[in-house]
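**Q** Have a look at this one.
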Amino acid sequence: MPKNLAGKRVFARSKIITLFGSLIISASALAQQVIIPSPPEINAKGYILMDYTTGKVIAEGNADTLLAPASLTKMMTSYIIGQEIKTGNISKDDKVTISENAWAKNFPESSKMFIEVGTEVSVDLLNQGIIVASGNDACVAMAEHIAGSESAFADLMNAHAEQLGMNSSFFENSHGLDSDSHQTTPRDMATLAIALIRDVPEEYKVYKQKSFTYNNIKQYNRNSLLWDKSLNVDGLKTGHTSKAGYSLVTSGTKNDMRLVTVVMGTESERARKVESKKLLNYGFRFFETITPYHAGEKFAANRVWMGDREEVDLGILVDTPITIPRGQSKNLKANIELDRQLTAPLTKGEVVGKLFLQLDGQDIANYPLVTLQEVNEGGMFSRLVDYVKLQFVN
């Protein structure tokens with residue numbers, strides 16, 4: 119790596135360098151193009167495909183359209199349960215007395231856990247009933263246990279949605295049965311899915327459970343992609359009402375990459391599975407998530423004036439995971455931009471510019487560039503020498 123990337127013009131970008139140690143790219147490498155086909159056609163009211171680690175949107179269609187979430191709503195109910203357990207406000211072993219509002223008989227034509235009024239059921243079982251069996255009755259029982267009433271729980275749902283940046287979502291109940299203003303978007307559902315995986319990993323583990331038995335009734339997880347051996351899907355949730363159509367939020371992994379898909383408003387159970395699988399296969403086949411540079415590693419060195427050392431190492435304080443077309447890593451380049459001439463004293467970790475990652479001449483990410491060592495002022499003689507040199511440099 120060149121020692122002085124900024125050159126004489128410290129406010130202009132440096133010479134571009136590749137992240138893999140080569141300053142000159144061969145003509146054959148430049149000529150080699152990676153062909154990435156367009157995303158598949160998805161037959162749904164709205165959809166989105168995102169990388170979990172980077173948040174990169176790989177494909178989308180009507181991702182900000184307001185739609186009825188149906189049982190996708192239960193992801194928010196589950197998220198809150200996970201947070202309440204995590205913070206110690208409730209325990210998996212807590213016993214919940216089933217009220218008349220939560221009685222299974224109130225949901226004759228919809229999915230339920232088959233809980234009975236007046237019985238005591240543990241939080242752990244109710245949680246499985248929500249995630250695996252999609253029990254509307256279990257949702258009401260947990261809403262009352264956490265917030266006292268379902269309406270108060272809906273307020274809690276909306277507060278969490280706002281905190282997560284789900285700016286288009288509004289929840290009126292804990293289960294997702296059709297209601298006038300109960301709505302979300304594919305993008306917001308992807309945001310919620312990522313939050314579930316990231317913030318409450320113990321809660322997320324339940325989503326890969328294939329079946330659940332309560333009251334001698336065995337029910338199977340409706341996410342049929344959990345059984346698909348061609349993919350490694352470990353979540354998340356199905357949804358269906360006559361108003362919403364058939365929807366599915368999925369997440370799966372391949373090697374070190376995790377993708378999240380949201381498909382909303384398809385015409386059948388089979389369609390939501392097929393369309394979700396299309397997106398997952400497209401993402402895993404044609405894209406990859408890599409971390410070309412890690413926090414704290416030396417990226418370059420630069421001249422320091424008036425200091426007790428001539429150079430300072432430069433780097434960044436965070437890892438740099440990026441999602442790029444598969445096979446393009448060899449064409450990934452970086453360049454740095456200093457925001458000033460480096461003059462002592464400098465503290466360790468001081469921001470002195472930016473690191474830009476580029477692909478095909480376009481910036482795809484940027485990070486604060488920092489000093490990796492402290493640089494103190496040099497002695498009087500060395501500072502005088504540097505002062506004279508700077509007159510010529512400038």
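Per this note's numbering: the sequence shown = residues 119 to 512.
Beta carbons: idealized from backbone N, C-alpha and C, even for Gly.
1) Could you have a look at Q246 and say whether DSSP puts it in helix, strand or coil?
2) Kindly list the residues whose CB is nearer than 7 Å to the CB of R305, restricted to its own chain and excluding five residues on each side of it in sequence; keep chain order.
3) Could you check whether the stretch 486-495 touches the stretch 455-469, counting it as contact only if at least three pairs of C-beta atoms, one from each stretch, sit closer than 8 Å?
4) Am I right that S228 and L295 are in contact with their C-beta atoms under 8 Å? What's the rounded C-beta distance?
5) Here's the rule: buried if 16 or more other CB atoms are within 10 angstroms of the residue's CB, otherwise exposed. What is V469?
6) DSSP three-state call for F405: helix, strand or coil?
7) Looking at F513: is its Cβ nearer than 8 Å to the Cβ of K372?
8) By Cβ distance, which residues of its chain are closer than 8 Å to S297, with the 5 residues on each side in sequence left out?
9) I203 and K210: beta carbons closer than 8 Å?
10) Would you call the stretch 253-260 and the stretch 228-237 in contact, with 3 or more CB pairs under 8 Å?
11) Short of 6 Å in beta carbon distance, which residues of its chain neighbour N341, apart from the five on each side in sequence? Order them along the chain.
12) Got a sec, what are the start and stop residues for the alpha helix (DSSP H) R316 sits in?
13) Helix, strand or coil: which one does DSSP assign to G200?
14) How is S209 classed by DSSP in three states: helix, strand or coil?
15) Given this structure, state the Cα-to-Cα distance separating G164 from G283, to the nearest angstrom.
16) Per DSSP, what kind of secondary structure is I143 in: helix, strand or coil?
17) What runs of the beta strand (DSSP E), each 3 residues or longer, lie entirely inside the stretch 224-274?
18) For L432 versus L450, is the C-beta spacing smaller than 8 Å?
19) Hey, how far is the Cα of N219 from the Cα of G370?
20) In the structure shown, what three-state DSSP assignment does A413 receive?
21) If you draw a straight line from the alpha carbon of S73 to that of P187, how long is it in whole angstroms?
22) I154 to V241, Cα distance in whole Å?
23) Could you confirm whether any beta carbon from chain B is found closer than 8 Å to the beta carbon of R403?
24) Could you pull out every residue in the same chain whose Cβ sits closer than 7 Å to the Cβ of K174, ignoring the five residues on either side in sequence?
25) Would G479 be called buried (16 or more neighbouring beta carbons within 10 Å of its own) or exposed?
26) Nearest to M375 by CA position, among N245, L349, T465 and T384, is which residue?
27) Would you identify the three-state DSSP class for Y332, choosing helix, strand or coil?
28) Tell me, to the nearest whole angstrom, how far the beta carbon of T409 is from that of P439; I am working on the premise that it is less than 8 Å.
29) Can you tell me whether S287 is buried or exposed, with buried defined as 16 or more other CB within 10 angstroms of its CB?
30) I'd like to confirm the pairing. Which residues does DSSP put opposite Y165 in its beta bridges?
31) Sort out for me which residues DSSP pairs I454 with in a bridge.
32) When burial is assigned at 16 or more other CB atoms within 10 Å of the CB, is L354 buried or exposed?
33) Just grab the DSSP bridge partners of N484 for me.
34) Could you tell me the boundaries of the beta strand (DSSP E) in which T441 lies?
35) Just the C-alpha distance for P120 and A452, rounded to the nearest angstrom, thanks.
36) Just mark E320 as buried or exposed, buried being the case when its beta carbon has 16 or more other beta carbons within 10 Å.
**A** According to the structure data:
1) When secondary structure is reduced to three states using DSSP, Q246 falls in the helix class.
2) For R305, where only same-chain residues beyond five positions count, the Cβ hits under 7 Å are I166, A181 and D182.
3) Yes: the two stretches touch, three or more of their Cβ pairs being nearer than 8 Å.
4) With 8 Å as the limit, S228 and L295 qualify as a contact, their Cβ atoms being about 6 Å apart.
5) Looking at its Cβ environment, which holds fewer than 16 other Cβ atoms inside 10 Å, V469 is exposed.
6) Strand, per DSSP.
7) With the chain running from 119 to 512 in the structure shown, residue 513 is simply not present.
8) Within the same chain, S297 has close Cβ partners E290 and N291.
9) Yes. Within cutoff.
10) Remark: three or more beta-carbon pairs, one from each stretch, lie closer than 8 Å, so the stretch 253-260 and the stretch 228-237 are flagged as touching.
11) Cβ neighbours of N341 beyond the five flanking positions: T356.
12) R316: member of the alpha helix (DSSP H) spanning P304 to D317, first to last residue.
13) If DSSP states are grouped into helix, strand and coil, G200 belongs with the helices.
14) Coil.
15) Spanning the two alpha carbons is a distance of roughly 19 Å.
16) Low confidence applies to I143: its pLDDT is 38, below 50, so where it sits in the model is not reliable, and the reading given next is rough at best. Looking at I143 - three-state DSSP - the assignment turns out to be coil, as it is neither helix nor strand.
17) You should have 238-240.
18) Contact flag unset, no.
19) Their Cα atoms are separated by approximately 36 Å.
20) Residue state, collapsed to three classes: coil.
21) The chain is shown only over 119 to 512; residue 73 falls outside these bounds and no answer can be derived.
22) Between I154 and V241, the C-alpha separation is close to 47 Å.
23) No chain B is present in this structure, which holds just one protein chain.
24) The residues are M168 and T441.
25) Counting C-beta atoms within 10 angstroms of its own C-beta, G479 has fewer than 16 neighbours from the protein chains shown and is therefore classed as exposed.
26) M375 has its Cα closest to that of L349, out of N245, L349, T465 and T384.
27) Reduced to three states, the DSSP call for Y332 is strand.
28) Going by Cβ atoms, the distance from T409 to P439 rounds to 5 Å, so yes, they are a contact pair.
29) Burial call: buried.
30) For Y165, which the question treats as bridged, DSSP gives the partners G179 and V381.
31) Paired residue(s): L473.
32) Residue environment for L354: buried (at least 16 other C-beta atoms within 10 angstroms of its C-beta).
33) Per the DSSP secondary-structure output, N484 pairs in a beta bridge with F474.
34) I440 to P443 is the span of the beta strand (DSSP E), which, as asked, contains T441.
35) Any reading at P120 must be qualified, since the residue scores a pLDDT of 33, below 50, and its modelled position is unreliable; the value itself is stated next. Straight through space, the alpha carbons of A452 and P120 are spaced by roughly 12 Å.
36) By the Cβ-count criterion, E320 is exposed, with fewer than 16 other Cβ atoms from all chains shown falling within 10 Å of its own Cβ.
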